[in-house]
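**Q**
Numbering (the UniProt record's numbering), first residue to last: 1 to 309.
1) Can you confirm whether residue 143, when its beta carbon is compared against all beta carbons of chain B, has any partner nearer than 7 Å?
2) By the three-class DSSP mapping on this structure, what secondary structure does residue 153 have?
3) In the DSSP output, which residue or residues are listed as bridge partners for residue 220?
4) Around the Cβ of residue 21, are there at least 16 other Cβ atoms within 10 angstroms (buried) or fewer (exposed)?
5) Would you list the one or two residues that DSSP bridges to residue 208?
6) With a cut-off of 8 Å on the beta carbons, I'd call residue 184 and residue 158 a contact; round off their distance for me.
7) Taking DSSP as the reference, what is the three-state secondary structure of residue 168?
8) Which two residues bound the contiguous alpha helix (DSSP H) that contains residue 189?
9) Leaving out five residues before and five after residue 104 in sequence, what residues of the same chain have Cβ atoms less than 7 Å from its Cβ?
10) Classify residue 236 as helix, strand or coil using the three-state DSSP reduction.
11) Kindly give me the distance between the Cβ atoms of residue 170 and residue 162, rounded to whole angstroms, as I take these residues to be in contact under 8 Å.
12) Between which two residues does the alpha helix (DSSP H) harbouring residue 290 extend?
13) Quick check: what's the CA-CA separation for residue 179 versus residue 219?
14) I believe residue 90 touches residue 289 by the beta-carbon criterion, under 8 Å. Please report the beta-carbon distance rounded to the nearest angstrom.
15) Using the rule of at least 16 other Cβ atoms within 10 Å of the residue's Cβ for burial, across every protein chain shown, is residue 138 buried or exposed?
16) By Cβ distance below 6 Å, which residues in the same chain neighbour residue 107 in space, the five residues on each side in sequence not counted?
17) May I ask you to report which of helix, strand or coil DSSP gives residue 84?
18) List the endpoints of the continuous alpha helix (DSSP H) containing residue 226.
19) For residue 155, collect the residues of the same chain with a Cβ closer than 6 Å to its Cβ; drop the 5 residues on either side in sequence, then sort them by chain order.
20) According to DSSP, is residue 242 part of a helix, a strand, or is it coil?
21) Quick check: the Cα distance between residue 292 and residue 32, rounded to an integer number of angstroms?
22) What span of residues does the alpha helix (DSSP H) with residue 131 cover, start to end?
23) Taking the continuous alpha helix (DSSP H) assigned at residue 140, which residues delimit it?
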């Protein structure tokens, strides 16, 4: 009897051990599946996050760490804050605020705020047009200085550099500029038909960096401008912080390489192939706040061969 009872106890203990081992094995299996599932889910999340970040930053060549992501986000936030501060400063200046200048700051240009800076877009081989403009409406010498002193209007021809830097075209313009003192020579801008839009942007950036004015105008070198009438119109808009005076249009984008107005980045405009609405025409004027906005965002501003603003 004792022997049989002992056998039953041994059999029960063995069964309990097998059940415990089976439970432990099931728990271990479930834990393994859970951990593997979490790791797979985290890997998918990281891959998705990296893919989205690459799309937004345009950097698809290497993996992006969390630290890099935070740096990109911080830079963008700082850029937004800087843009807001610049716009607020421009608005304050429109209301009459003048920042204090540091001692010893002796600039080349007068400290008073001018009314208008006019950039006459010209190019090489247009000397007849330049002479015609000087005779018709753009004063030179003493009358040019009086125009600035009495009416606050500055007028300059705007031209870039020759593709062959330092050649006879560059030297001819430099010589003429030294005699007339009425040229803005954009050293970092190549003078070429396909650079026309970029040249206009470069002029506005140069002008707002060198003259403190209420308005800035782009004019072609085959246009007659009545400066008195234009000055009167602009004076009536001094109470408006952001002003655009001129034409705007939206035209067809031509993708054919042989077309006169071929747009290399035509694919950016989708199936409609139509430019966004932009400033256009022989003459247009924008206020300082808008020119500052262009200057601040010069590297991210939308730009195409024939359209940029």
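Virtual Cβ for every residue (Gly too), placed ideally from N, Cα, C.
**A** Put simply:
1) Here chain B cannot be found, since the structure has a single protein chain.
2) strand
3) 121
4) Exposed, since its Cβ has fewer than 16 Cβ neighbours within 10 Å.
5) DSSP, once it has assigned bridges, lists no residue as partnering residue 208.
6) 5 Å
7) When secondary structure is reduced to three states using DSSP, residue 168 falls in the helix class.
8) It is not in any alpha helix (DSSP H) - residue 189 instead sits in the beta strand (DSSP E) that spans 183 to 190.
9) At residue 104 the pLDDT is 43, less than 50, meaning the model places this residue with poor confidence; the figure from the coordinates comes in the next sentence. The answer is none, since no qualifying residue turns up.
10) Of the three classes helix, strand and coil, the one that applies to residue 236 here is coil, per DSSP.
11) 5 Å
12) 288 to 296
13) 22 Å
14) 4 Å
15) buried
16) Only weak support exists for where residue 107 lies, its pLDDT of 46 falling under 50; the coordinates are left without a value.
17) Correct three-state label for residue 84: helix.
18) Under the DSSP assignment, residue 226 falls outside any alpha helix (DSSP H); it carries neither an H nor an E label.
19) Close CB contacts of residue 155 within its chain, under the 6 Å cut and outside five residues either way in sequence, are with 118, 138 (chain order).
20) coil
21) The alpha-carbon atoms of residue 292 and residue 32 are separated by roughly 60 Å.
22) 127 to 136
23) First-last for residue 140: undefined, no H or E at that position.
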